[in-house]
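Visitor:
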Amino acid sequence: MFVSLTVSLYSPPDYPKELQILKCCCSAPPPKISDLMDDKDLLDSLRLKLDPSHCTIKNWKNFASRWGMSYDELTLLEHRTQGSVSHSPTQEFLLRYNQKTVGELTELCRLYQRIDVLRRWGNVLHETGSELRHHYHSIRVRI
Numbered sequence: 001m002f003v004s005l006t007v008s009l010y011s012p013p014d015y016p017k018e019l020q021i022l023k024c025c026c027s028a029p030p031p032k033i034s035d036l037m038d039d040k041d042l043l044d045s046l047r048l049k050l051d052p053s054h055c056t057i058k059n060w061k062n063f064a065s066r067w068g069m070s071y072d073e074l075t076l077l078e079h080r081t082q083g084s085v086s087h088s089p090t091q092e093f094l095l096r097y098n099q100k101t102v103g104e105l106t107e108l109c110r111l112y113q114r115i116d117v118l119r120r121w122g123n124v125l126h127e128t129g130s131e132l133r134h135h136y137h138s139i140r141v142r143i
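Quick note on numbering: full-length UniProt numbering labels position 3 of the sequence shown as 3, and the sequence is numbered without any gaps.
#1: Just reading off the alpha helix (DSSP H) that residue 145 is part of, what are its end residues?
#2: How would you label Cys24, buried or exposed, when you count the other beta carbons within 10 angstroms and need 16 or more for buried?
#3: Given 8 Å as the limit, is there contact between the segment 81–100 and the segment 33–52, that is, 3 or more CB pairs closer than that?
#4: Between which two residues does the alpha helix (DSSP H) harbouring His79 extend?
#5: Using alpha carbons as the reference points, say which of Thr101, Asp51, Arg66 lies closest to Thr81.
#6: Measure the C-alpha to C-alpha separation of residue 230 and Ser34 and round it to an integer number of angstroms.
#7: Could you check where the alpha helix (DSSP H) with Lys40 kicks off and where it finishes?
#8: For Thr90, does the three-state DSSP call read helix, strand or coil?
#9: Over the uninterrupted alpha helix (DSSP H) stretch that includes Val102, give me the two end residues.
#10: Figure out for me which residue from Gly68, Pro29, Ile57 has the closest Cα to the Cα of Val117.
#11: Leu76 to Met69, Cα distance in whole Å?
#12: Using a 10 Å radius around the Cβ and a threshold of 16 neighbouring Cβ atoms, would you call Cys109 buried or exposed?
#13: Thinking just about the alpha-carbon of each residue, which of Gly122, Asn98, Glu78 is nearest to the one in Ser53?
And the structure:
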């Protein structure tokens, strides 16, 4: 995981050197799909929205194809998960591309006009974003 790091020395003119503060500001990397894969409710919700095949609504196949899955891979994945309650083609597709950012998935939702999926991702991003910011907060160390 790559984190951008900015270090600056805060030193007001009247502070002795031993009381100066080293300030480290770490900007959080954008959330990845892998960060959200433990959320069973989210995966169930996405499965219900993206698994069904419908001639006029873009589903998991369109998303996976856009990210580079070949026709043969799509067919194999569809047959492997067909009729399975525990395995979903949407979940398998998300697992395969789990290093993509949630922003990239959001762009696909916009491209395919899947506002229903965007709304669900938006709720999760709002909740998860605050958790991720908490993990990568600014660190202050006395030198």
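Note that the Cβ used here is the ideal one computed from N, Cα and C, for glycine as well. Here the structure is a predicted model, which is why all the values come from computation and not from measurement.
Guide: Quick answer:
#1: Because the chain spans 1 through 143 in this model, residue 145 falls outside it and cannot be assessed.
#2: Unreliable placement is indicated for Cys24, whose pLDDT of 49 sits below 50; the coordinate value is still reported in the next sentence. With fewer than 16 other CB atoms across the displayed protein chains lying within 10 angstroms of its CB, Cys24 is exposed.
#3: Touching, yes.
#4: 71–81
#5: Asp51
#6: This structure cannot settle anything about residue 230, because the visible part of the chain is limited to 1 through 143.
#7: 40–50
#8: helix
#9: For Val102, the enclosing alpha helix (DSSP H) starts and ends at 102–111.
#10: Ile57
#11: 11 Å
#12: buried
#13: Glu78
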